[in-house]
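A short write-up of the structure that comes next.
Protein chains: 2
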Amino acid sequence: MSLPRIAVDAMGGDEGVRVMIAGAAEARRRHDKFKFLLVGDEARITAALESHPNLRAASEILHCSDVVGGDEVPSRALRRAKTTSMGLAVNAVKEGKAGAAVSAGNTGALMAMSKLALRTMPGIDRPALAAIMPTLGDNDVMMLDLGANTEADARNLVQFAIMGAAYSRILTGKDKPRVRLLNIGTEENKGFDRLRDAAAQLQAVTGLDLQFDGYVESDKINRGEVDVVVTDGFSGNIALKAIEGTARFVTDLLRRAFTSSIRSKVGFLVSRPATELLRHHLDPNNHNGAVFLGLNGVVVKSHGSATAGGVANAVAVAARLLEENLTHRISAGLAELRAREADVGTTDEEAEAAK
Amino acid sequence: MSLPRIAVDAMGGDEGVRVMIAGAAEARRRHDKFKFLLVGDEARITAALESHPNLRAASEILHCSDVVGGDEVPSRALRRAKTTSMGLAVNAVKEGKAGAAVSAGNTGALMAMSKLALRTMPGIDRPALAAIMPTLGDNDVMMLDLGANTEADARNLVQFAIMGAAYSRILTGKDKPRVRLLNIGTEENKGFDRLRDAAAQLQAVTGLDLQFDGYVESDKINRGEVDVVVTDGFSGNIALKAIEGTARFVTDLLRRAFTSSIRSKVGFLVSRPATELLRHHLDPNNHNGAVFLGLNGVVVKSHGSATAGGVANAVAVAARLLEENLTHRISAGLAELRAREADVGTTDEEAEAAK
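Protein chains in written order, with our numbering: chain A, 1 to 355; chain B, 1 to 355.
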């Protein structure tokens, strides 16, 4: 089977064309079987491609001059879906001209366009936005939903768990990624009914390709003890931004501390390899590429401020999810869930009948 | 007016009596007009007081040998309110034998006992748990609710804003602390109806002793641009623990980085004053003492793992809130809110009549 193309919104993000093209070129070097559809201003894309003959040879350009603004409200962006680089990149997936779209533009607009154009997969009620974060363990951790929906009921949360586990199996290579629901305590009576219902369902249905370990509190997300953290879009967004903001806050404090005296400056220079290691570990470019799960097609959001290396990571996420057929894996997980739920149902009836 | 006593649950927390008594003694040195009611095992308290004659002279001991367990479910703890050190400390406030209670025990149990024994103040529907965090600015930031209630409607959120501002005026000395609602974006259409309704109310009612600045996202809590962050208990708990966990995560990474090579170790030693500064800034002992706001009496929760210095800070929070009459300030704020709401109402009616 030949691999589907990757559509790249070449205009989104803080730096636009140059960084997006350089990133796509680097990703293409890592995944050299892919072809690309580069969406945006043709003259600027052509100019940027001069430094990247390798990518040029594997790309088609889809011209448009219109771009979604960073602060543009989703409703306005939706009306301009047929003329903007973001809209056309997503539309290419809808029309089967690409298997995945990557954009560094406005998250709300990308979310709205993707939902409307691609629709949710059969068996999925709502899509979810998933991102990867570093941990103190050997594997990264994935969290979803991060804001595709403000709310989520028990049924949505169970579907998020299935989707997250499918993605995590690709990322980590684990047969049964460890899944937990985000809550404000680990006792059974904590949180909302919807959390308790989702936990009960995930506990009852055995044999899924995931290991459900109950709840996780937000101070333990990054300890390396969980692979997939499942939550609603509001709580997920709060947790993700709190983690990102605090990582920046502590490194800012550190920078101040290290520049507060000559002695500290000297210490900083001597220990530079150590602080570089820290910087590398926390650099969001190394975990770039949030994914909308549950749509008919792969959509990857790159950070607006990502470097070319960061964009390459986001494009590589799209490549990997296409190579490993994420959508098929999610479908299989949902079918398994339905079959196992039916089993649980039978067992209950039998138990009832045996009374 | 003589100051009310402070009841200290001497048994709660990881280390129990020794740390709690040492902490109370240090707080007493800073606030030397206060008297104390020390609740717990008399023999052990008496032994611990031998090192602190100053505190002994200002204290009465209320003996009990029973203690609430760290993992004890609140419902069980509630049934043992008359026999445990935590229950008796809270009860002393209820009976007017103390103005404030401080405990390092189980948060859920303390919350349940405090709500049941002390009840909410007139005009407050639900209490809220408020805590202080460091920022990059000159002032600390306070966030509430951190878990006294899982959910909060618009009316609760407005009351939290009033209570948080009253506490913040004491802490920061500002006439009008800057208040924001925690949300997943700063655009008006973000989040839940209850957030938009609370924002509309706080915007409409002018003349309160606070400055309402709209929404704040969780990555900007610690930038020093807001004094009081208002949210529901679920989101607040998620945000607080994500911040605490990430601060620990980054400092753990830092420690690993600094011990990864001889050169790094040398650098670490040279730059020690800088890393000490960082450690000091992030040490939770320096911001110890979460407060239950909105009850008929002050209840302060000390971290279970706090040092004597940390406990002293928590006891000092109680002392300061009694000295500055927090409860009276909250009542005044609520009266002001009602008066201003009436104004807004009158204006609306006048506008209606003028049509």
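C-beta: ideal position from N, C-alpha, C; glycine also.
Here the structure is a predicted model, which means the values were calculated and not measured.
I'd like to confirm something about residue i: is its beta-carbon nearer than 7 Å to some heavy atom of the ligand NAP, or not?
i, result
"A198/B", "As presented, the structure is devoid of all ligands, the ligand NAP included, so that no description of it is given."
Using DSSP with H/G/I as helix, E/B as strand and the rest coil, what is residue i?
i, result
"G245/B", "helix"
"K301/B", "strand"
"L157/A", "helix"
"D197/A", "helix"
"T150/A", "coil"
"S103/A", "strand"
"L208/A", "coil"
"I238/A", "helix"
"T327/A", "helix"
"H31/A", "coil"
"H52/A", "coil"
"A257/B", "helix"
"D9/B", "strand"
"G40/B", "strand"
"G214/A", "strand"
"M86/A", "helix"
"E72/B", "coil"
"A117/B", "helix"
"A24/B", "helix"
Can you grab the Cα-Cα spacing for the pair residue i / residue j, in whole Å?
i, j, result
"P177/B", "Y215/B", "15 Å"
"T346/B", "L129/B", "In this prediction, T346/B scores a pLDDT of 48, lower than 50, which makes its location untrustworthy; the coordinate-derived value is nonetheless stated afterwards. Straight-line Cα distance between these residues: approximately 34 Å."
"D348/A", "A312/A", "Caution is warranted here: a pLDDT of 47 is assigned to D348/A, below 50, making its placement in the model unreliable, and the coordinate value is therefore given only provisionally. Cα-Cα distance, rounded: 50 Å."
"L202/A", "L146/A", "20 Å"
"E188/A", "V226/A", "18 Å"
"R329/B", "A166/B", "6 Å"
"I238/A", "L37/B", "40 Å"
"E42/B", "V90/B", "18 Å"
"V93/B", "T107/B", "17 Å"
"D138/A", "N285/A", "18 Å"
"K241/B", "R255/B", "21 Å"
"T307/A", "R30/A", "17 Å"
"D197/B", "D232/A", "21 Å"
"E350/A", "A200/A", "Bear in mind that the predicted position of E350/A carries a pLDDT of just 46, short of 50, making it unreliable; the figure below should be weighed with that in mind. Each residue's alpha carbon lies about 19 Å from the other."
"G191/A", "A148/B", "12 Å"
"E50/B", "R56/B", "8 Å"
"A354/B", "R340/B", "At A354/B, the pLDDT of 46 sits below 50, so the modelled position is not reliable and the matter cannot be decided from this model."
"P127/A", "G99/B", "51 Å"
"S59/B", "S65/B", "18 Å"
"N54/A", "A131/A", "29 Å"
"E95/A", "A117/A", "9 Å"
"K82/A", "E151/A", "29 Å"
"K33/A", "V230/B", "51 Å"
"V300/B", "F234/B", "20 Å"
"A48/B", "E323/B", "27 Å"
In terms of alpha-carbon separation, which member of the options lies closest to residue i?
i, options, result
"K115/A", "M86/A, L295/A and D227/A", "L295/A"
"T186/B", "V73/B, D219/B, G164/B and R29/B", "D219/B"
"L337/B", "A10/B, R79/B and R155/B", "R155/B"
"P4/B", "V299/B, K97/B and G309/B", "K97/B"
"A7/A", "R320/A, L326/A and V298/A", "V298/A"
"D283/A", "R248/A, E323/A and G304/A", "R248/A"
"G123/A", "T135/A, G105/A, A104/A and V158/A", "V158/A"
"G12/A", "L182/A, A57/A and T84/A", "T84/A"
"D71/B", "V102/B, L55/B, E60/B and L110/B", "L110/B"
"V17/A", "V67/A, P53/A and R30/A", "V67/A"
"S168/B", "V291/B, V315/B, H52/B and E341/B", "V291/B"
"M121/B", "F34/B, D140/B and F160/B", "F160/B"
"D209/B", "I61/B, V179/B and A57/B", "V179/B"
"A77/B", "E95/B, E60/B and M113/B", "M113/B"
"T46/A", "M20/A, D175/A, D193/A and A342/A", "M20/A"
If residue i sits next to residue j, beta carbons under 8 Å apart, how far is it from one beta carbon to the other, in whole angstroms?
i, j, result
"G289/B", "I162/B", "Not quite, the Cβ-Cβ distance comes to about 21 Å (not below 8 Å), so this is no contact."
"D14/B", "G105/B", "Their Cβ separation, rounded to whole angstroms, is 10 Å, which puts D14/B and G105/B out of contact at 8 Å."
"F74/B", "H281/B", "A small correction: the amino acid at residue 74/B is Pro; Phe does not occupy that position in the sequence shown. No, P74/B and H281/B are not in contact; Cβ-Cβ is about 33 Å, not under 8 Å."
"L144/A", "G236/A", "7 Å"
"A314/A", "V102/A", "6 Å"
### Query
Listed from N- to C-terminal order along the chain, which residues in the stretch 241 to 252 of chain B have their beta-carbon within a distance smaller than 8 Å of any beta-carbon of chain A?
K241, A242, I243, E244, G245, T246, A247, R248, F249, V250, T251 and D252
### Task
Closer than 7 Å, Cβ to Cβ, to anything on chain B: give me those residues from the stretch 134 to 164 of chain A, in chain order.
L136, G147 and T150
#### Entry: Near-chain A residues of the stretch 296 to 316 of chain B - C-beta to any C-beta below 7 Å
Residues of the stretch 296 to 316 of chain B with a C-beta less than 7 Å from any C-beta of chain A: none at all.
### Chain-ordered residues of the stretch 202 to 234 of chain B with a beta carbon less than 9 Å from chain A
E217, S218, D219, K220, I221, N222, R223, T231, G233 and F234
### Query
Taking Cβ-Cβ distances below 9 Å as the criterion, which residues of the stretch 77 to 99 of chain B are in contact with chain A?
none
### Query
Taking a cut of 7 Å between CB atoms, which residues from the stretch 117 to 128 of chain A lie near chain B?
none
### Message
To be precise: take each residue of the stretch 50 to 81 of chain A, compare its Cβ to all Cβ atoms of chain B, and keep it if any distance is under 8 Å. Which residues remain?
### Response
Those would be V73, in chain order.
### Message
Short of 9 Å Cβ to Cβ, which residues in the stretch 178 to 204 of chain A face chain B?
### Response
L182, N183, I184, G185, E187, N189, K190, G191 and F192
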